[in-house]
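Colleague: Here you go, one structure.
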Amino acid sequence: MTAGRRAPGRAAVHLLLWGYAVVALLPLVIMLFNSLRPTSEIFTAPLSLPTSPTLRSYGQVWTEASFSTYLLNSLTVTCGAVLLGTAVSALAAYPLARHDFFGNRVLGAYFLAGLMLPIRLGLVPIFYLMDSMGLIDSLLGLTLLYAASGVPFCVFVLSAFYRSLPGELDEAARLDGAGEFRIFGQIMLPLVRPALASVMLFQFVPVWHEFLYPLVLLRSDEKFTIPRGLAQFFGEYTTDWSALFAGLVLATAPLFVLFVLATKQIIAGLTAGMSK
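Encoded structure:
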C-alpha cells in the first residue's frame, strides 16, 4: 500500500482520536467553568462561559470545608496503599514467574481468583473484620484494605513481565555468586520498572476516587478522604454546586499532574515486548 493510499486512513484515525479527546475533556472544561461562577449562574447558564469569573469557591472549599485535611488524608491512604501493594506484589510475582516449585500453579490461580471478586462484594465481612481488629475510623485500616485489593492485579501484570525476561540473566548472576535477593533487587526489579509504574498508576486512580469504603469505615470528619469529604456539599434541601465543582477540580488536579509526569513510563509499560 502506497503512502497516498494510507493518508486518508491515517487522517480518519487522527480525526477519530481528536474527536474522542474533545468528548472526554468536555466534562472537565464544564466542571472548571462552573467552579468559577456562583451557584445561581450555574442554573441559568450551565454551559456558557463565566460572565464574572471568581475564585471564591476555591477559597471556601480550602478553608471552610477543610479540603486541605481531606487532601492530606487521601494522599496518605492512596500513596501508602499503592506503595505497600506494589511492594508485596513485586515480591510475590518474582518467585511465581521465575521459579518452578510445588504449588506454583495453585498459588498463581489463587491470586488470579482475586481478579474475579470485586472488593465491594466483601463489604459486610470486611466491616466486621475491621471492627474486630479495631481499624474502624482508621486511615491505617483503609490503607491496608486498598493495598490488599490491588495485589491480584499487580501480581498478574508483574508475573507476565518477569516471565518475558531472558532466563540467562538468572543463570549468569548465580554463576557470579549472586543470591536470590540480589538478583531480584539489582537485576529483575530495574528491568520491570515500566511495569511497576503502570501498575502503580492503575492502582492510584481507583483508590483516589473510591467512595464506598470511606463512607462505611470512616466516622470522624478529620479522617475523611476527598470523595467522602466532598459528599458533605450535598445537603438535604440545598447544594452548593459552585463549591462542589471547585472541590472536584482540586481533586482531579493531582491525577492530571500524575498522568503528565508518568506518560512515558505508562506507554513504556503498556508497549513493552511488542517489538519482540
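With full-length UniProt numbering, the residue at position 147 of the sequence shown is 147, and numbering never jumps.
Ideal Cβ positions, reconstructed from N, Cα and C, are used throughout, including at glycine.
1. Can you tell which of 43, 217 and 198 has its C-alpha closest to the C-alpha of residue 284?
2. Hey, is the stretch 27–42 in contact with the stretch 53–60, meaning 3+ C-beta pairs nearer than 8 Å?
3. Spatial neighbours of residue 148 within its chain, please: CB distance less than 8 Å, with the 5 preceding and 5 following residues excluded, ordered by chain position.
4. So what does DSSP say about residue 234, is it helix, strand or coil?
5. Reducing DSSP to helix, strand and coil, say where residue 84 ends up.
6. Do you know offhand how far residue 116's Cα is from residue 60's?
7. Unbroken alpha helix (DSSP H) runs of length 4 or more, entirely within the stretch 163–243: which are they?
8. Would you grab the beta carbon distance between residue 156 and residue 112 for me? Rounded to a whole angstrom, and I think it's under 8 Å.
9. Among 132, 75, 30 and 262, which one has its Cα closest to the Cα of residue 244?
10. Can you give me the start and stop residues for the alpha helix (DSSP H) that residue 130 sits inside?
11. With a threshold of 16 other CB atoms inside 10 Å of the CB of residue 104, please say whether the residue is buried or exposed.
12. At what residues does the alpha helix (DSSP H) containing residue 42 begin and finish?
13. Going by C-alpha to C-alpha distance, which of 214, 254, 229 and 258 sits closest to residue 138?
14. For the pair the stretch 70–89 and the stretch 129–146, tell me if three or more CB-CB distances fall below 8 Å.
15. Just the Cα atoms here: how many angstroms apart are residue 167 and residue 177?
16. Taking residue 282 as part of the alpha helix (DSSP H), name the residues at either end of that continuous run.
Modeller: Taking the geometry as given:
1. Nothing can be reported for residue 284: it is not among the residues displayed for the chain, which extend from 1 to 276.
2. yes
3. 85
4. strand
5. helix
6. 42 Å
7. 168–175, 193–209, 212–217 and 226–230
8. Contact flag correct, Cβ pair sits at about 6 Å.
9. 30
10. Residues 123–132.
11. exposed
12. 39–44
13. 214
14. yes
15. 16 Å
16. In the structure displayed, the chain extends from 1 to 276; residue 282 sits before or after that span and is not available.
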